[in-house]
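Engineer:
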Amino acid sequence: MGLPSNYNINPLDLRIGEALVLKDGKLRKVYIPKAIEREPYLENTKNKLKFINRKKKTLAEESDMKELNLRLEALEKHVMKLTESITILEKEVVKIRNNR
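Residue numbering for the sequence shown is 3 to 102, as defined by this note's numbering.
Following this line, the structure appears as structure tokens:
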């Protein structure tokens, strides 16, 4: 099996963190940042945002993640209260406008 005619990248030239991907019918060399493996990202589970980490965690990191998740949960509750307050204020504004 030969290489495609549009293949102009020598796989031996790839460095650590680089990969070949097929894009628009051509093989391209892309850099895959290490941060993807290390950094936490937000995952939406059952309508709740949660920090998830893809690598194995130490106890300290796990504790930090729990703290971040607690803070995120508190922020979500605060946003919900603010949203409710805004809704109440909007209703009051409508009442006042209708009374004029």
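The beta carbon of each residue, even a glycine, is placed where N, CA and C say it ideally should be. None of these values were measured; they are calculated from a predicted model.
If you draw a straight line from the alpha carbon of L70 to that of E92, how long is it in whole angstroms?
Structural biologist: The straight-line gap from Cα to Cα measures roughly 33 Å.
Engineer: DSSP three-state call for R102: helix, strand or coil?
Structural biologist: In the structure shown, R102 sits in coil (DSSP, three-state: anything other than H, G, I, E or B).
Engineer: Ignore the nearest five residues each way along the sequence and tell me which others in A62's own chain have a CB closer than 8 Å to its CB.
Structural biologist: Hits under 8 Å: none found.
Engineer: Alpha carbon to alpha carbon, how far is R73 from E86? Give it in angstroms, no decimals.
Structural biologist: For E86 and R73, the distance between alpha carbons rounds to 20 Å.
Engineer: To the nearest angstrom, how far is it from the Cα of K79 to the Cα of K97?
Structural biologist: Near 27 Å, if we compare the C-alpha coordinates of K97 and K79.
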